[in-house]
Each structure stands twice: as structure tokens, then as C-alpha cells.
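Each residue of the sequence shown is one higher than the one before, starting from 7 at the first, in our numbering.
Take a look at the structure below.
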Amino acid sequence: MADRPAVLFVTDLAYPARGRRYCDEDIALTSRLRESFDIALCHPLDAAALMDPYDVVVVRNSGPVLHYQREYDAFRERAAARGTRVYNPLTGRGDMAGKQYLLDLTAAGHPVIPTVDRRADLHLLPAAAEYAVKPKAGADSIGLSFVPADRLPGLDYGGILVQPRVDFRYEVSFYYIDDTFQYALYAPDPDRRWVLEPYEPTGEDLAFARRFIDWNTLDHGIQRVDACRTRDGGLLLVELEDLNPYLSLDLVPDATREAFVADLTRSLHRYLDTPTPS
7 MADRPAVLFV
17 TDLAYPARGR
27 RYCDEDIALT
37 SRLRESFDIA
47 LCHPLDAAAL
57 MDPYDVVVVR
67 NSGPVLHYQR
77 EYDAFRERAA
87 ARGTRVYNPL
97 TGRGDMAGKQ
107 YLLDLTAAGH
117 PVIPTVDRRA
127 DLHLLPAAAE
137 YAVKPKAGAD
147 SIGLSFVPAD
157 RLPGLDYGGI
167 LVQPRVDFRY
177 EVSFYYIDDT
187 FQYALYAPDP
197 DRRWVLEPYE
207 PTGEDLAFAR
217 RFIDWNTLDH
227 GIQRVDACRT
237 RDGGLLLVEL
247 EDLNPYLSLD
257 LVPDATREAF
267 VADLTRSLHR
277 YLDTPTPS
């Protein structure tokens, strides 16, 4: 490895994300990472073909994988076959691996929005006025719908998840690099998910978020724990985003952003210094 490691930074600069500007965040972030790495940007569809000469492939704001599932699967297979370092490592148990984790966490009794995927398990869900129905392979609210209880038995199961529609006060996100908390942001208005403000978490909040970071067992990488604050004051997990979480770095104070970039730089160097599995 050269003195300045070579990074292939995977991003879809043109993806029309609602309420977010992928291009601004990734241009700003790569401009800072360039201080420590030789860095090139590429579209997710080009990553498999371009990644071989690089020391690490950093997957950032690359958009929902369901839009290019075949190419993403090929990228993962090629990276595994060639021993390519991918950041985040492709061993994540959260959104990186699909939505199965919501079922697993529900079954294990973790504080997550109760989730089932079979008609026979509908009785396990709490009573609610409406239920959220989403595709197992979904992302970015694609395919999400809300239905009353009497329609649940007639749904076509096999590729969907069902959850009660939670009446929550607000959503809050906790951002981590490796196992280190960086900052938190929240959306005071439940109807405006991406209108975020800085949030000062309590010790109890951080203990909640950390249990999912520990559960995921990723030694390296960026993770975002998305939760909702229920009317009774508790937190429930909404998503464990470990593939390409948007960071909203433009909304945090300058000192927080600088600390994030410094920690990300150190994390990448640590990852590159870690022996590859034999």
C-alpha cells in the first residue's frame, strides 16, 4: 500500500433524494478526505469494473440498491472473490443485508417497531388504526403504504413486512463511526422527515442506540440508528442503516463536522492497517 492509500468513493451524485443533496455532501466530504488519501469518485454501476487498483472502496450516498440490485450483487461477489476492502465492510446485519433484521430484532424482544412477514404472525402485532406495509427489499420509503387492519389478511405475503403505524412525537437519528458516537439529529415535525435539527441525546438515548451498534458487530464503518420517540416517551428502532446512510453533515456545527472527518480518516486508516481475513 502506498503512503497515501487510494480510495474509490462510490456515490450517485445525481440521485434525486427527497430533502437531501447527495452531491453536496459527497463533494464536501471527498474534498476533505483528499487531504489524506488519493481519491476518485465513481457511480455505483461502475464500482465493480473500477475497484481493482484501489486500496479500499468507500460506499457512500449510492442510492437505494433496489434500483441496481443485479449490479450490486455482482459488486459484492467480485469484492469477496478478490479480497477487496469495502467500507462499510459487507458483513453488516442491518439494512445492508435487507430488512430481515427487523424481524430478528422483534423476535428477540429488542425495542423496535414490531414487525412480521407472515399472515400467521399478524396476531403478534399490537392493535393499531393502520398498519405500514413495505417491501422487504424496499428503501427510501419506496413501496410503502398504509392499510387498515381488516385488509391485512388479504395481502400477498412473501415479500412484504407489516408493522403497526406508530403515533410518534418525532424521529431521531444517531450517527456513529465504528463504535464511537458522533452526533444526533432529529425531525421535530413527523411529517417533515428531512427537516432536521441538532439533538442533545441523554445517556438513556445513547444506551438505546449503542445496543444496536453492538448487535451489528461491525468493527469499522459509518452507521445511523434511526428511531422514533413514542407518545409514552420511549424510543423504538425504525432502521439500522449500515450501507450508505446519509449524514446531514451540513446541519451540524463546524466543530462536530471537523471531528467527524478526523474520526472517519482515522477509521479508514485503521481499517487499511487491519490484516485481511485469510
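Glycine included, C-beta positions come from ideal geometry on N, C-alpha and C.
Is DSSP giving residue i helix, strand or coil here?
i    : result
M7   : Model confidence at M7 stands at a pLDDT of 47, short of 50, so the residue's coordinates are unreliable; what they give is reported in the following sentence. Coil.
A193 : strand
T236 : strand
I119 : coil
L280 : For the record, residue 280 in the displayed sequence is Thr; it is not Leu. Looking at T280 - three-state DSSP - the assignment turns out to be coil, as it is neither helix nor strand.
P132 : coil
F43  : coil
A138 : strand
T186 : strand
P170 : strand
V92  : strand
R230 : strand
E206 : coil
V2   : It is not possible to answer for residue 2, since the shown part of the chain is limited to 7 through 284.
V267 : helix
Exposed or buried, what is residue i when buried is set at 16 or more other beta-carbons lying within 10 Å of its beta-carbon?
i    : result
L241 : buried
L270 : buried
S284 : Caution is warranted here: a pLDDT of 47 is assigned to S284, below 50, making its placement in the model unreliable, and the coordinate value is therefore given only provisionally. Label assigned to S284: exposed.
P259 : exposed
A287 : The structure shown does not extend to residue 287, since the chain is modelled only from 7 to 284, so the question has no answer here.
P59  : exposed
R76  : exposed
G227 : buried
A20  : exposed
A86  : exposed
G239 : exposed
D195 : exposed
Beta-carbon within less than 7 Å of residue i's beta-carbon, same chain only, minus the 5 sequence neighbours each way: which residues are those?
i    : result
T205 : The sequence given here has Tyr at residue 205, not Thr. So the qualifying residues of the chain are V178, A190, L191 and Y192.
A114 : none
Y74  : P50 and L51
Report back the beta-carbon spacing between residue i and residue j to the nearest angstrom; my notes put them in contact at under 8 Å.
i    : j    : result
L130 : K140 : That belief does not hold up - the Cβ atoms of L130 and K140 are roughly 17 Å apart, past 8 Å.
L218 : L257 : It is Phe, not Leu, that sits at residue 218 in the sequence shown. Wrong, their Cβ atoms sit about 22 Å apart, outside the cutoff.
V62  : V16  : With a Cβ gap of about 11 Å, V62 and V16 do not count as contacting.
R82  : L96  : 6 Å
P50  : G25  : Not really, about 21 Å apart at Cβ, beyond 8 Å.
I119 : V231 : Actually they do not touch by this definition, with Cβ atoms about 13 Å apart.
L249 : M102 : 4 Å
Y277 : R91  : 7 Å
By Cβ distance, which residues of its chain are closer than 8 Å to residue i, with the 5 residues on each side in sequence left out?
i    : result
I299 : Nothing about residue 299 can be reported from this structure: the residues present for the chain run from 7 to 284 only.
Y137 : L131, F152, V153, P154, A155, L158, V168, Q169, P170 and R171
L255 : E31, A34, L35, R263 and F266
L212 : F180 and F187
P236 : Residue identity check: residue 236 is Thr in the sequence provided, not Pro. So the qualifying residues of the chain are V172, D173, F174, R175 and L242.
Where do the N-terminal and C-terminal ends of the beta strand (DSSP E) with residue i fall, by residue?
i    : result
F174 : F174 to I183
S151 : S151 to V153
A126 : Careful: A126 lies outside any beta strand (DSSP E) and carries neither H nor E.
L246 : L241 to E247
Tell me where the alpha helix (DSSP H) around residue i begins and ends.
i    : result
I219 : G209 to N222
L109 : Q106 to A113
S68  : Looking at the DSSP string, S68 is not in any alpha helix (DSSP H), and its letter there is neither H nor E.
L14  : From DSSP, L14 is part of no alpha helix (DSSP H) but of the beta strand (DSSP E) over A12 to V16.
A53  : A53 to L56
In chain order, what residues of the same chain lie with their CB nearer than 6 Å to the CB of residue i, ignoring the 5 residues before and after it?
i    : result
F214 : L241
R38  : V267
A134 : P170 and R171
Establish whether the CB of residue i and some CB of chain D are separated by less than 8 Å.
i    : result
H116 : Within the model displayed, chain D is absent; a lone protein chain is all it includes.
With respect to 7 Å, is the separation between the Cβ of residue i and the closest non-hydrogen atom of the ligand SAH below this value?
i    : result
L246 : Summarising the ligand content, the structure contains no ligands, and the ligand SAH is consequently not present.
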